[in-house]
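The structure appears below as C-alpha cells.
Residue numbers (the numbering used here): 117 to 244.
This is how it looks when you write it as C-alpha cells:
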C-alpha cells in the first residue's frame, strides 16, 4: 500500500543524504555489510566477478568490520570506496544515528557496485 507521506519521507531522506555527502568529503575508505544469502545467490555472486550489482533500496554499511560481522550470517561484503568516482551518493551518518557505535555509512537507492573477487574466510563468505 502506498501512503502519501511515504514519498515525502523518502524525498527528505534522499535530500538529507545528499547534503551529508557534500559535507563529508570522505577520502577513499572501506565499508562492510553483513547479511544472509541463499546458497544459490552466493554461487551467482561468485560467478559474477568483474560484473556489477546494484541495490534495490538504501544500503546500510559500517566502517567497522566487527559491527558488520554481528549482522553477517553467511556473507560479509567488503566494499572499497574510491572517492574520485562520483557516481554514487553515500554519507557517514554515524553522528546522526541513535547507534553511533555502528559507524554507519548509508548508500543511496540503486547504488552500483563492481564485484572484484569472492572468497571465504572463517565460514563467512567475503565478497569484495
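Glycine included, each C-beta is placed from N, C-alpha and C at the ideal position.
What you are looking at is a predicted structure, and each value in this text was computed from that prediction instead of being measured.
Legend entry - Residue interval of the beta strand (DSSP E) (run including residue 67): No information on residue 67 is available, as it lies outside the stretch 117 to 244 that the chain covers here.
Inset, instruction - To the nearest angstrom, report how far apart residue 222 and residue 150 are at their CA atoms. - result: Along the chain shown, read from residue 1 onward, the residue named residue 222 stands at position 106. Along the chain shown, read from residue 1 onward, the residue named residue 150 stands at position 34. So the alpha carbons of these two residues sit roughly 14 Å apart.
Inset, instruction - Could you pull out every residue in the same chain whose Cβ sits closer than 8 Å to the Cβ of residue 231, ignoring the five residues on either side in sequence? - result: By one-based count along the chain shown, residue 231 stands at place 115. If we look at residue 231 and ignore the five residues flanking it on each side, its Cβ neighbours are 161, 164, 165, 166, 167, 168, 169, 243 and 244.
Legend entry - Beta-carbon contacts of residue 197 that lie in its chain and below 6 Å, excluding the five residues immediately before and after: The residue labelled residue 197 in the question sits at position 81 within the chain shown. Contacts found: 145.
Legend entry - Straight-line gap, residue 225 to residue 204 (C-alpha atoms, nearest Å): Translated into positions along the chain shown, residue 225 becomes position 109. Translated into positions along the chain shown, residue 204 becomes position 88. So the alpha carbons of these two residues sit roughly 9 Å apart.
Inset, instruction - Return the residue from the list 227, 175, 191 and 157 that minimises the CA-CA distance to residue 202. - result: Against the chain shown, residue 202 aligns to sequence position 86. The shortest Cα separation from residue 202 among 227, 175, 191 and 157 belongs to 227.
Inset, instruction - Keeping to the same chain, check which residues put their C-beta closer than 8 Å to that of residue 67; ignore five residues upstream and five downstream. - result: Residue 67 lies beyond the residue range present for the chain, which begins at 117 and ends at 244; the question has no answer from this structure.
Inset, instruction - Excluding the 5 residues preceding and the 5 following residue 187 in the sequence, name in chain order all residues of the same chain whose CB lies nearer than 6 Å to its CB. - result: Against the chain shown, residue 187 aligns to sequence position 71. Contacts found: 150.
Legend entry - Local Cβ density within 10 Å of residue 218, reported as buried at 16 or more and exposed below that: As a first step, residue 218 is located in the chain shown; it is residue number 102 there, counting from the start. The residue in question, residue 218, is buried, as its Cβ has 16 or more Cβ neighbours within 10 Å.
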